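Here our numbering is used: the first residue of the sequence shown is 5, the next is one more, and so on.
Cβ atoms here follow ideal geometry from the backbone N, Cα and C, with glycine treated the same way.
Just so we're clear, the structure is a prediction, and the values are computed from it rather than from any experiment.
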Amino acid sequence: MIGCRCGTCCSPDPRDRRSRPSILFEMGGGARVLVDTTPDLRTQALAHDLDRVDAILFTHCHADHVMGLDDVRRFNVLQRSAIPCYGDARTLAELRRTFSYIFESKDEGGGIPLVQLCPIAGPCSIGGEEVVPVPVWHGQREVLGFRVRNFAYLTDCSAIPDSSWPLLAGLDTLAIDALRHRPHPTHFTVEQALEVAARLAPRRTWLTHICHDLPHAATNAALPAGVELAYDGLRIDI
Ligand SMILES: [Zn+2]
Ligand SMILES: [Zn+2]
Ligand SMILES: [Zn+2]
Numbered sequence: 005m006i007g008c009r010c011g012t013c014c015s016p017d018p019r020d021r022r023s024r025p026s027i028l029f030e031m032g033g034g035a036r037v038l039v040d041t042t043p044d045l046r047t048q049a050l051a052h053d054l055d056r057v058d059a060i061l062f063t064h065c066h067a068d069h070v071m072g073l074d075d076v077r078r079f080n081v082l083q084r085s086a087i088p089c090y091g092d093a094r095t096l097a098e099l100r101r102t103f104s105y106i107f108e109s110k111d112e113g114g115g116i117p118l119v120q121l122c123p124i125a126g127p128c129s130i131g132g133e134e135v136v137p138v139p140v141w142h143g144q145r146e147v148l149g150f151r152v153r154n155f156a157y158l159t160d161c162s163a164i165p166d167s168s169w170p171l172l173a174g175l176d177t178l179a180i181d182a183l184r185h186r187p188h189p190t191h192f193t194v195e196q197a198l199e200v201a202a203r204l205a206p207r208r209t210w211l212t213h214i215c216h217d218l219p220h221a222a223t224n225a226a227l228p229a230g231v232e233l234a235y236d237g238l239r240i241d242i
């Protein structure tokens, strides 16, 4: 956090250096599907040698999840193609408004991202694999989590509607919002995330979207077996 001198922000542990929330799927056929384009996308791509993005899934249009969209221009150049961007109708409408210069520009390719907005309302084949959108509550608004195979990514959520629990049955690995211990109107606390994990009973649970209230090593040491804090650069097989 800017200007903060707390133990987490001053920690020498690299796992306490957290950029904004995003993940990348490497699908079975090699396609790379990015979830969200954070303000840190450029540095994340450089840090992890990302040189291709075949599709983008958007969870919702909050600034910490979309403000790096302009940086996909570099992938357009490398791939010589536009990139399909999937999201629910509200998120796509908000992207059109937030990035009006992309969608209203009359200039042909003149330094703007080449993206195609694709509404997603149910399971869909993306990058050669089935992607299941999982609606969750993020405060008063519905946003999307995503399931691929037996892995689900639920960033930014504070409640799971009854209709979405069946979409999460039989998970092997869950990544879920756990902002901090103190209650928050739009994010699960660690304790609430653990309740969801206990109900879904995946083999492994990774907590994400964590704030500086949660130092990595000390928080991890207090979590139950099979649950850990995620960290930048984490790779898992699904
Ligand atoms: Zn801090
Ligand atoms: Zn959000
Ligand atoms: Zn967020």
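Any non-hydrogen atom of ligand 3 within 6 Å of residue i CB
{"i": "His66", "result": "yes"}
{"i": "Asp20", "result": "no"}
{"i": "Asp160", "result": "yes"}
Closer than 6 Å: residue i CB and nearest ligand 1 heavy atom
{"i": "Cys215", "result": "no"}
{"i": "Thr223", "result": "no"}
{"i": "Met5", "result": "yes"}
{"i": "Thr12", "result": "yes"}
{"i": "Cys8", "result": "yes"}
Straight-line Cα distance separating residue j from residue i
{"i": "Ala67", "j": "Asn154", "result": "28 Å"}
{"i": "Ile130", "j": "Pro189", "result": "32 Å"}
{"i": "Val152", "j": "Leu61", "result": "12 Å"}
{"i": "Phe107", "j": "Arg100", "result": "6 Å"}
{"i": "Glu133", "j": "Lys110", "result": "34 Å"}
{"i": "Cys128", "j": "Val194", "result": "31 Å"}
{"i": "Asp40", "j": "Phe150", "result": "11 Å"}
{"i": "Ala125", "j": "Pro137", "result": "7 Å"}
{"i": "Ala179", "j": "Glu199", "result": "13 Å"}
Exposure label - residue i; buried when at least 16 CB within 10 Å
{"i": "Gln196", "result": "buried"}
{"i": "Arg9", "result": "exposed"}
{"i": "Tyr90", "result": "buried"}
{"i": "Arg22", "result": "buried"}
{"i": "Pro117", "result": "buried"}
{"i": "Ala93", "result": "exposed"}
{"i": "Gly72", "result": "buried"}
{"i": "Asp75", "result": "buried"}
{"i": "Ser168", "result": "buried"}
Pair within 7 Å by beta-carbon distance, residue i and residue j
{"i": "Leu38", "j": "Leu28", "result": "yes"}
{"i": "Arg36", "j": "Val70", "result": "no"}
{"i": "Arg184", "j": "Asp217", "result": "yes"}
{"i": "Leu211", "j": "Leu175", "result": "no"}
{"i": "Leu158", "j": "Val147", "result": "no"}
{"i": "Gln48", "j": "Ala86", "result": "no"}
{"i": "Cys65", "j": "Thr95", "result": "yes"}
{"i": "His220", "j": "Asp20", "result": "yes"}
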